[in-house]
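Just below is one structure, and these are the notes that go with it.
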Amino acid sequence: MNDKAQLLLHPVRMRIIQAMIGRERTVQQLQEWLPDIPAPTLYRQLQKLTQAEILRIVSRKPVRGAVEKTYALAEHGAEFSPEEVLRMDADEHMRLFITFLSHLIGEFGAYTRQDDMDMYKDGLSYRLVNLYLSEEEWKLMLEDIRSAIGKHANKEPAAGRRAYSLSTILIPGIRQIHSPDPGKER
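With UniProt numbering, the residue at position 167 of the sequence shown is 167, and numbering never jumps.
Below, the structure written as structure tokens:
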């Protein structure tokens with residue numbers, strides 16, 4: 001697995017990156033957002049993400065003899081470029097996908113270990129749907145999904161709000177050659 005993939009798919013760093021999407025945050029704000037991550041771990045992971053240019057420091061402010069840094073995601077820092085994706089072989093993509101699924105399994109396990117879990121009331125859902133779409137319909141659907149998520153992605157934690165984890169896995173089917181007339185064979 002390449003270095004960037006290892007950085008992005010580390011469980012603690014994934015949570016930091018998720019907390020940073022569309023936001024600028026100080027360490028204190030991140031600690032409020034991620035209270036279960038010990039401060040030394042948070043500082044160490046922020047340093048790694050900044051050195052790898054996944055995060056950037058957008059401002060520094062003196063506070064009581066120290067310097068308070070405000071972080072933001074670097075432009076495209078938490079994404080793989082098309083070139084990076086093309087350089088990965090099938091085994092590397094499989095390892096990335098397995099790491100991603102492991103993260104999902106961890107989140108699902110944490111949810112199911114709650115004493116007061118109510119999957120129906122909480123809106124927990126997982127399903128597989130096969131869609132038959134043209135390339136244009138596929139692109140329109142992706143735009144719709146991005147737009148729907150974008151409307152809600154920047155909301156902050158607040159009283160009455162609960163975190164929901166939304167993961168998307170969009171897998172195109174195997175390319176098949178179809179005859180133009182279903183009644184005729186090729």
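The beta-carbon is built from N, C-alpha and C at its ideal position, and this holds for glycine as well.
Scanning the region 130–172 for uninterrupted alpha helix (DSSP H) segments of 4 residues or longer gives 135–150, listed from N- to C-terminal end. CA-CA distance, residue 174 to residue 87, rounds to 21 Å. Under the Cβ criterion (8 Å, minimum of three pairs), the region 131–151 does not count as touching the region 99–106. Taking all protein chains in view, the Cβ of residue 119 is surrounded by fewer than 16 other Cβ atoms within 10 Å, so the residue is classified as exposed. Judged by DSSP in its simplified three-state form, residue 25 adopts strand.
Under the three-state reduction of DSSP output, residue 56 falls in the strand class. Taking C-beta atoms under 8 Å as the contact rule, residue 42 and residue 27 qualify, at a distance of about 7 Å.
Note that the region 60–80 does not touch the region 31–38; fewer than 3 beta-carbon pairs, one per stretch, sit closer than 8 Å. Within the model, the alpha-carbon separation for residue 156 versus residue 166 is close to 16 Å.
Here residue 51 is not near residue 13, since their CB atoms are 9 Å or more apart. For residue 123, the closest of 61, 164, 172 by C-alpha to C-alpha distance is 164. Listed in chain order, the non-local C-beta contacts of residue 89 below 8 Å within the same chain number zero, local neighbours out to five positions each way being set aside. Inclusion of residue 154 and residue 23 in the CB contact set at 9 Å is warranted, their separation being smaller than that value. When the Cα atoms are used, residue 37 and residue 15 turn out to be separated by approximately 10 Å.
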